[in-house]
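**Student:**
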Amino acid sequence: MATIDTSVAGTRSAAAPSEPDPRSRVVAGVDGSGCSRQAAAWAADEAQARGAALLLVAAYWMHTVGYPGTAYAPTGTLTELREAGETALRDVAGELRHRHPELDITTRLRYGEPSRVLREEATDADLTVIGNHGSHRLTTTLGSVAGTVVASSPGPVAVIRPGTARTQGPIVVGVDGSADADHALGYAFAAAQRLGAAVIALSCWSDPTIDGPFPAYGGLPLDLTPLDEATGEQLAHRLAPWRERYPDVPVQARVEHARPVRPLLDAGRQARLLVVGTRGRGKITGLLLGSTSQSVIAHAECPVVVVPGPRP
Numbered sequence: 001m002a003t004i005d006t007s008v009a010g011t012r013s014a015a016a017p018s019e020p021d022p023r024s025r026v027v028a029g030v031d032g033s034g035c036s037r038q039a040a041a042w043a044a045d046e047a048q049a050r051g052a053a054l055l056l057v058a059a060y061w062m063h064t065v066g067y068p069g070t071a072y073a074p075t076g077t078l079t080e081l082r083e084a085g086e087t088a089l090r091d092v093a094g095e096l097r098h099r100h101p102e103l104d105i106t107t108r109l110r111y112g113e114p115s116r117v118l119r120e121e122a123t124d125a126d127l128t129v130i131g132n133h134g135s136h137r138l139t140t141t142l143g144s145v146a147g148t149v150v151a152s153s154p155g156p157v158a159v160i161r162p163g164t165a166r167t168q169g170p171i172v173v174g175v176d177g178s179a180d181a182d183h184a185l186g187y188a189f190a191a192a193q194r195l196g197a198a199v200i201a202l203s204c205w206s207d208p209t210i211d212g213p214f215p216a217y218g219g220l221p222l223d224l225t226p227l228d229e230a231t232g233e234q235l236a237h238r239l240a241p242w243r244e245r246y247p248d249v250p251v252q253a254r255v256e257h258a259r260p261v262r263p264l265l266d267a268g269r270q271a272r273l274l275v276v277g278t279r280g281r282g283k284i285t286g287l288l289l290g291s292t293s294q295s296v297i298a299h300a301e302c303p304v305v306v307v308p309g310p311r312p
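Here is the structure:
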């Protein structure tokens, strides 16, 4: 690993909770599972720090049965699912109102496929929060739709694995050559400013002509320093405007010759938050939702926020 910036990645005092903003909203998916409860608790803490309102959303849904034109959903089962959703929302909202009596918390229960319901409810949200796996009982199975929500959401999505939330540590952000990287950096720096944390910006590079099974150089020793330095220069260029905008946020820039999953997961072991884009570009990291981001969501030892890039 080449660390190309030696700024101290320390911590600062967290900013005071923001004044309530009626336009700011955090949406959390609830399904009654322990995982979704932890995600909702994390969402409440985040909403409190942002001065945002919190909307808890549950969806009940099942496949219809029968032939086309005669398909139906058993009424008794739907009633049970609706009641289970109502109970889950009531219990979670009660817990969170007790912990955050000043927080504006509302609940919403809808019939529909969970990923569609969450996308629709989160259209104008600042952040959507879900657990990485859900309840088998309610058939809302948040975890089974996490990838769909992350890939299609118009805004940032936080995915919370059980037992990974922490209140200390840096904000780690994956940086590549794509437009998504700037959006991920913007989220990471804003979070660091709000939480009193440092930013660790990680950029990885790999090249099949060097790292593939049949390297073009024939296995002879290579000096990879120029490639490390070139990647470091690109990273410094990406970081420059964000350093200027957030001068009080400590920053450490890291460059690694590796595919990005393992370095991101390693950095995430002590992180408060891991931020990635939905997709990447070129040889520098390719933070693709179908590869890197999915692996990070599945295995990270801290909450993960996936930030979409600009829409076409």
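Read in UniProt numbering, the sequence shown has 79 at position 79, and its numbers run on one by one without any break. The beta-carbon is built from N, C-alpha and C at its ideal position, and this holds for glycine as well.
#1: Please name the residue in Pro154, Trp205 and Ala191 whose C-alpha comes closest to that of Leu224.
#2: Under a Cβ-count criterion, where at least 16 other Cβ atoms within 10 Å of its own Cβ denotes burial, should Arg245 be classed as buried or exposed?
#3: Counting only the same chain and skipping the five closest in sequence on each side, list residues whose C-beta sits under 8 Å from that of His183.
#4: Can you tell me the Cβ-Cβ gap for Gly268 and Val172, rounded? I've got them flagged as a contact below 8 Å.
#5: Based on Cα-Cα distance, which residue from Val26, Val159 and Gln193 lies nearest to Val296?
#6: Under three-state DSSP, which class holds His100?
#7: Given this structure, state the Cα-to-Cα distance separating Gln48 from His100, to the nearest angstrom.
#8: Between which residues of its own chain and Ala53 is the CB-CB distance below 6 Å, once the five residues before and five after are set aside?
#9: Could you give the distance in angstroms between the alpha-carbon of Leu56 and the alpha-carbon of Asp228?
#10: Could you say which of Ser36, Val175 and Gly186 lies nearest to Ser293 if we only look at CA atoms?
#11: Does DSSP put Ser295 in a helix, a strand or coil?
#12: In or out: His133 buried (at least 16 other Cβ within 10 Å) or exposed?
#13: Around the C-beta of Arg166, are 16 or more other C-beta atoms found within 10 angstroms, so that it is buried, or is it exposed?
#14: Touching or not, the segment 119-127 and the segment 150-158, by the rule of three or more beta carbon pairs under 8 Å?
#15: If I follow the unbroken alpha helix (DSSP H) through Tyr246, where does it start and stop?
#16: Going by Cα to Cα distance, which pick from Val275, Glu233 and Arg23 is closest to Arg50?
#17: If the criterion is Cβ atoms closer than 7 Å, does the pair Val92 and Val149 meet it?
#18: Measuring CB to CB, does Cys35 end up less than 7 Å from Pro162?
#19: Is the beta carbon of Ala298 sitting closer than 7 Å to the one on Leu274?
#20: With a CB to CB cut of under 6 Å and the five nearest residues on each side skipped, what residues in its chain are close to Val304?
#21: Should Ala88 and Ala58 be called a contact, given that it needs their Cβ atoms to be closer than 7 Å?
#22: Determine the burial state of Pro226: buried for a count of at least 16 other Cβ atoms within 10 Å of its Cβ, exposed for fewer.
#23: For Arg25, report the span of its beta strand (DSSP E) as first-last.
#24: Could you tell me whether the Cβ atoms of Val261 and Ser203 are closer together than 7 Å?
#25: Alpha carbons only, please: which of Thr231, Arg238 and Arg194 is nearest the one belonging to Ala181?
#26: Which term fits Asp248, buried or exposed, when burial requires 16 or more other beta carbons within 10 angstroms of its beta carbon?
#27: Across which residues does DSSP place Tyr60 in a beta bridge pair?
**Tutor:** Let me lay it out:
#1: Trp205
#2: Sixteen is the threshold: since fewer than 16 other Cβ atoms of the shown chains lie within 10 Å of the Cβ of Arg245, the residue is exposed.
#3: Gly277, Val307, Pro308, Gly309 and Pro310
#4: 6 Å
#5: Val159
#6: coil
#7: C-alpha separation (whole angstroms): 8 Å.
#8: Arg25 and Asp104
#9: Computed Cα separation, rounded: 45 Å.
#10: Val175
#11: helix
#12: buried
#13: exposed
#14: yes
#15: From DSSP, Tyr246 is part of no alpha helix (DSSP H); its letter is neither H nor E.
#16: Arg23
#17: Going by C-beta atoms, Val92 is not nearer than 7 Å to Val149.
#18: By the CB criterion at 7 Å, Cys35 and Pro162 fall inside the cutoff.
#19: no
#20: Val159, Leu274, Val296 and Ile297
#21: yes
#22: exposed
#23: Arg25 to Gly29
#24: Not in contact: Val261 and Ser203 (Cβ atoms no closer than 7 Å).
#25: Arg238
#26: exposed
#27: Tyr111
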